[in-house]
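Going by our numbering, the letters in the sequence shown line up with residues 1 to 388, in that order. Note that CB positions come from ideal geometry on N, CA and C, so glycine has one too. If you're wondering where the values come from, they're calculated on a predicted model, not measured in any experiment.
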Amino acid sequence: MRLKLLLILITLFVFSANAQQKPTASNKVQQALEAKKELINKSLVKNVPFENIGPTVMSGRVVDLAVNPENPTEFYVGYASGGVWHTTNNGTSFTPILDSAQTQNVGDIAVDWKSNTIWVGTGENNASRSSYAGIGVLKSNNNGKTWQHVGLPNSQHVGRILINPNNPDEVVVGVTGSLYSKSKDRGIYKTKDGGQTWTKTLYVDEVSGIIDVQHSPNDYNIMFASSWTKDRKAWNFDGSGNNSAIYKSTDAGETWQKVSTKKSGFPTGTGVGRIGLAVYDNNIVYAIHDSQFRRPSEGEKDESNGLQKDDFKSMSTDAFLKLEDKKLNNFLKTNGFQEKYRAENVKQMVRSGNVKPADLATYLEDANSMLFDTPVIGAEVYKSTDGG
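Pasting the structure below:
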């Protein structure tokens, strides 16, 4: 009875997910922004200056910093939904420079310090329920006095922007993509003409966007990028998947090759989560991995005790189907599953995709356990000394 109830709940969730409203088209968003601009221009108080008088200024999520390499007391700060701020005195005071733009939602900042050109990828790159989408890529040549929209209007959330230090018109952008829906607009895009035209050079799938891109400080041609498979719902977040991976380019982002293979030493599989990258030189690369694989149980597991609930939380479909029927039946009987739900039937449900192995664990969870027991590995740091 309880398994039947679980199947009903799963069906309702699937129906709810499919019934969600589709994302607003970028042209509709642009029309709304133009209408907003017109309302502002017609406002009776458009010339009245406003000043925040407190009682306090609330902080927010900082998503990026862009620091002047020749003068580290000058830098730009990007906030999740608070725009971009500029300081020339090491943070003693800040000036907002994105206020005139059509969005305050920021994912990444990149600056060509030689020409003082600022690029902003709009749409926060995190995956909170409060991570708001953007409108594409913005560019300013006058320190934010005016902004030009230079493309990728369907990107929604931008992970990273890289500017060629020897050619500021050549830019690579990692698009994380929409947060609540599938999208074919995810991937890596490149422009060679300052944003007039764009070419997509890497696409993983509809649920895996690009969260980070970095290049070697010695050679812009050598780049590393990380994809992130995730599924955000209003009631749930799955932040890992098989296509979270690391890619490498040796031609400045024109082509890409996956380097986080099973033989590479970097994790692969359903538990691979968000990956951050730092490139020291052409060969040394660091990757910090938010591993969603389950931590091994303390001490040696007593095989005589059989299967445990936690075994199913990160178990793949293939591994589940290879379980001995006798061992699986012992688990099902011990945990009160009805007689009709035995190894053969449950395996068929998993094989058909109606049930996931993790659903068996979910079925036995209590609310407190699901909310507060998160026995995942968490942050790990990996290093490559041979260029990935």
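Span of the beta strand (DSSP E) around Q348: From DSSP, Q348 is part of no beta strand (DSSP E) but of the alpha helix (DSSP H) over A343 to S352.
Output the distance between the C-alpha atoms of N142 and H149, rounded to the nearest integer angstrom. 14 Å
Let me check understanding here. Comparing Cα to Cα, which of P49, F237, W228 and N329 lies closest to G174? W228
Euclidean distance between Cα positions of D205 and K184: 7 Å
Where V77 and T362 are concerned, what is the direct C-alpha to C-alpha distance, given to the nearest angstrom? 41 Å
Distance CB(I210)-CB(R186) smaller than 8 Å: yes
On the CB-based measure, 16 or more other CB atoms within 10 Å of its CB, does G54 come out buried or exposed? exposed
Looking at the strands, I want to know which residues DSSP matches up with D231. D238
When you compare only the Cα positions, how much space is there between W256 and Y189? 12 Å
Can you give me the C-alpha to C-alpha distance between G83 and G121, rounded to a whole angstrom? 11 Å
Can you look up Y180 in the DSSP assignment and give me helix, strand or coil? coil
Do you know offhand how far D64's Cα is from I109's? 6 Å
State yes or no: is the C-beta of V213 within less than 8 Å of the C-beta of L152? no
Using a threshold of 8 Å, state whether the C-beta atoms of R129 and A234 are closer than that. yes
With 16 as the cutoff for other CB atoms within 10 Å, does F293 come out buried or exposed? buried
DSSP three-state call for A361: helix, strand or coil? helix
Would you kindly work out how many angstroms separate the C-alpha atoms of K248 and G388, rounded to a whole number? 8 Å
Within 8 Å, strictly: CB atoms of Q156 and G177: yes
How many Å lie between D238 and E70 at the Cα? 41 Å
CB of N68 within 8 Å of CB of W113, strictly: yes
Classify G299 as helix, strand or coil using the three-state DSSP reduction. Bear in mind that the predicted position of G299 carries a pLDDT of just 48, short of 50, making it too unreliable to give a figure here.
Cβ neighbours of T334 in the same chain (closer than 8 Å, five flanking residues each side left out): G306
Return the CA-CA distance between E380 and N164, expressed in angstroms with no decimal places. 30 Å
How long is the line joining the alpha carbons of V172 and N27, rounded to whole angstroms? 24 Å
Just curious, the beta strand (DSSP E) that S140 is in, first and last residue? V137 to S140
Return the bridge partner residues of K28 from the DSSP annotation. Answer by DSSP bridge pairing: none, since K28 is not bridged.
Output the distance between the C-alpha atoms of E339 and N354, rounded to the nearest integer angstrom. 19 Å
Per DSSP, which one or two residues make a beta bridge with I163? V171
Does the distance from the C-beta atom of S115 to that of P72 stay below 8 Å? no
Note down the Cα distance separating N242 from N89, rounded to an integer number of angstroms. 45 Å
Identify, in the order they occur along the chain, each residue of the same chain with its Cβ nearer than 6 Å to the Cβ of Y382, setting aside the five sequence neighbours on each side. F266 and A287
Please report the distance separating the alpha-carbon of A245 from that of K262. 11 Å
Using alpha carbons as the reference points, say which of G194, A225 and D219 lies closest to Y203. A225
May I have a chain-ordered list of the beta strand (DSSP E) segments no shorter than 3 residues that lie completely inside the stretch 77-110? 83-87
Less than 8 Å between the beta carbons of G144 and T103, yes or no? no
From E365, D290 and P217, pick the residue whose C-alpha is nearest to that of K230; which is it? D290
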